[in-house]
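S.K.:
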Amino acid sequence: MNYGDLIRDAFRITLHNRFLWFFGFFAGGVGFNFPGNFGSGGDNLNPQNLLGNTVLILGLVIVVLLIALFFIFLAIVSQGALADSVAAIDRGEGRRFGSAFGSGMGNFWRVLGYYVVFFLVALGLLVVIGVPVALLIGGTFAATQSTGARISVAVIVGLLAIILLIVVFIPLSIIGQYALREIVVRRERVVGSVGSGYSLFRRNIGRSLLLWLIQLGLSIGIGIAFLLLLLIVGLVLAIPAIALAFAGYTMGAWIAGVPAVLIVFLLFLVATGAIGTFSHAYWTLAYLRVTAPPTPSPDPTPTPG
3 MNYGDLIRDA FRITLHNRFL WFFGFFAGGV GFNFPGNFGS GGDNLNPQNL LGNTVLILGL
63 VIVVLLIALF FIFLAIVSQG ALADSVAAID RGEGRRFGSA FGSGMGNFWR VLGYYVVFFL
123 VALGLLVVIG VPVALLIGGT FAATQSTGAR ISVAVIVGLL AIILLIVVFI PLSIIGQYAL
183 REIVVRRERV VGSVGSGYSL FRRNIGRSLL LWLIQLGLSI GIGIAFLLLL LIVGLVLAIP
243 AIALAFAGYT MGAWIAGVPA VLIVFLLFLV ATGAIGTFSH AYWTLAYLRV TAPPTPSPDP
303 TPTPG
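Per the numbering used here, the sequence shown runs over residues 3 to 307.
Here it is in structure tokens:
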């Protein structure tokens, strides 16, 4: 496998198929926080006010749940849309937004099942690792009053648990990448995709771990470059607003600042979609390279007698 060509092809597909950035935005695990502050004044103890606050809180909870379900739905659709579209583009086929979205919808239930299965697997592994750790630390605290012994056992067991989590969950994440492509590209069943993904990882442990390390390095490099770009653009766009604020023109500072914030926010959305698309394309192309049949070597030309 030529890893340079793999990265180049992932970048080329990302750059030339910008409609995929929509799916990359949602497939990249975008989330939002909704902070709230409802106060604690004494007038809230009034039953009428309490009922009004309860209705307000219930309404906000419903809105947040609906938004969360909407994003989860699009994230699942985007996983199938990206995997199928990148594989098709790599084969030389054309893809558009509509066909990509249709592919994502067609794979929705199987991708959802994939997430459920891997969530249960991850939860089971956490329980298997966490229960012995809790028993060891809890047993030590119950058996001795020595602060030194308690701290020593907690630190040693905690470090071992962290190492074990890394050893277990890095391969699991790679298996998950393979399994998703098995479901979407090879049309494998959900449960069967786990076994297929594990078999691919076991037969290609070295290449799979190297792929993960390369992707980790790319993620760190792209993330740093992305943050620097946002900071530079934000600073340049904020200069007029800052200058107006120091000059005492508050309204002018707001007028100059709001468009700057919107531009930075739009840049964030676009870059997030592009980065998510590149990462997804990288793993889809890696999967296709790993599962490709070996190219037969040409027969040696017989030397004339």
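Backbone N, C-alpha and C define an ideal beta-carbon position, used for all residues, glycine too.
(1) Nearest-angstrom Cα distance between LEU218 and PHE25?
(2) Cα separation between ALA247 and PHE13?
(3) Where PRO295 and LEU269 are concerned, what is the direct C-alpha to C-alpha distance, given to the nearest angstrom?
(4) Report the option in ILE165, LEU264 and SER201 whose CA atom is closest to the CA atom of GLY178.
(5) Could you tell me which uninterrupted alpha helix (DSSP H) segments, each at least 4 residues in length, are contained entirely in the region 209-251, listed from first to last along the chain?
(6) Using alpha carbons as the reference points, say which of ALA29, TYR5 and ASP7 lies closest to GLY309.
(7) Here's the rule: buried if 16 or more other CB atoms are within 10 angstroms of the residue's CB, otherwise exposed. What is THR16?
(8) Quick check on GLY106: does DSSP put it in helix, strand or coil?
(9) Pick out the complete alpha helix (DSSP H) segments inside the region 92-147, 4 residues or longer, and give them in chain order.
(10) Out of TRP256, TRP111 and PHE280, point me to the one whose CA is closest to LEU220's CA.
(11) If you measure from the beta carbon of ILE207 to each beta carbon in chain C, is any gap under 8 Å?
(12) Please report the distance separating the alpha-carbon of TYR289 from that of VAL135.
(13) Using a Cβ-Cβ cutoff of less than 8 Å, which residues in the same chain neighbour ALA364 once the five nearest sequence positions on both sides are dropped?
(14) Please state whether the Cβ-Cβ distance between TYR116 and VAL192 is less than 8 Å.
(15) Report yes if the C-beta distance between ILE139 and VAL159 is below 8 Å; otherwise report no.
(16) How many angstroms separate the CA atom of MET107 from the CA atom of GLY61?
(17) Would SER182 and GLN81 qualify as a contact pair, given that the criterion is a beta-carbon distance under 8 Å?
(18) If you reduce the DSSP assignment to three classes, tell me which class MET253 lands in.
(19) For THR204, which three-state DSSP category applies?
(20) Can you tell me which of the three DSSP states PRO173 falls into?
(21) In this structure, does DSSP put ALA181 in helix, strand or coil?
(22) Let me confirm a value: GLU190 is counted as buried when at least 16 other C-beta atoms fall within 10 Å, else exposed. Which label applies?
M.R.: In brief:
(1) Numbered from 1 along the sequence shown, position 216 holds the residue referred to as residue 218. Numbered from 1 along the sequence shown, position 23 holds the residue referred to as residue 25. If I take the Cα positions, the gap works out to 21 Å.
(2) Position 245 of the sequence shown, counted from the first residue, corresponds to residue 247. Position 11 of the sequence shown, counted from the first residue, corresponds to residue 13. The alpha-carbon atoms of ALA247 and PHE13 are separated by roughly 42 Å.
(3) On the sequence shown, position 293 is the one that residue 295 refers to. On the sequence shown, position 267 is the one that residue 269 refers to. Each residue's Cα considered, the two are about 41 Å apart.
(4) As a first step, residue 178 is located in the sequence shown; it is residue number 176 there, counting from the start. Closest option to GLY178, Cα to Cα, is SER201.
(5) Fully contained in the region 209-251 is no alpha helix (DSSP H) run of length 4 or more.
(6) In the structure displayed, the chain extends from 3 to 307; residue 309 sits before or after that span and is not available.
(7) One-based indexing of the sequence shown puts residue 16 at position 14. That one is buried.
(8) As a position in the sequence shown, residue 106 is number 104, starting the count at 1. The answer is helix: DSSP assigns GLY106 an H, G or I state.
(9) You should have 99-108 and 110-145.
(10) On the sequence shown, position 218 is the one that residue 220 refers to. When only C-alpha atoms are compared, the closest one is PHE280.
(11) In the structure shown, chain C does not exist; there is a single protein chain.
(12) Looking up residue 289 in the sequence shown gives position 287. Looking up residue 135 in the sequence shown gives position 133. The alpha-carbon atoms of TYR289 and VAL135 are separated by roughly 35 Å.
(13) Coverage of the chain is limited to positions 3 through 307, which leaves residue 364 absent and any answer about it impossible.
(14) Counting from one through the sequence shown, the residue named residue 116 turns up at place 114. Counting from one through the sequence shown, the residue named residue 192 turns up at place 190. Result yes, Cβ atoms of TYR116 and VAL192 sit closer than 8 Å.
(15) Taking the first residue of the sequence shown as 1, we reach residue 139 at position 137. Taking the first residue of the sequence shown as 1, we reach residue 159 at position 157. A contact, by the Cβ cut-off of 8 Å.
(16) Position 105 of the sequence shown, counting from 1, holds the residue named residue 107. Position 59 of the sequence shown, counting from 1, holds the residue named residue 61. When rounded, the distance between both Cα atoms is 29 Å.
(17) Position 180 of the sequence shown, counting from 1, holds the residue named residue 182. Position 79 of the sequence shown, counting from 1, holds the residue named residue 81. The sequence as given places Leu at residue 182; Ser does not occur at that position. Contact: yes.
(18) Residue numbering aside, residue 253 sits at position 251 when the sequence shown is read from its first letter. It is helical.
(19) Here residue 204 corresponds to residue number 202 of the sequence shown, with the count starting at 1. The question names Thr, but residue 204 is Arg in the sequence shown. Three-state result, ARG204: helix.
(20) The residue given as residue 173 occupies position 171 in the sequence shown. Of the three classes helix, strand and coil, the one that applies to PRO173 here is helix, per DSSP.
(21) Numbered from 1 along the sequence shown, position 179 holds the residue referred to as residue 181. DSSP places ALA181 within a helical segment (H, G or I) once states are collapsed to three.
(22) Numbered from its first residue, the sequence shown carries residue 190 at position 188. Under a 10 Å Cβ-count criterion, GLU190 is classified as buried, with 16 or more other Cβ atoms of the shown protein chains found around its own Cβ.
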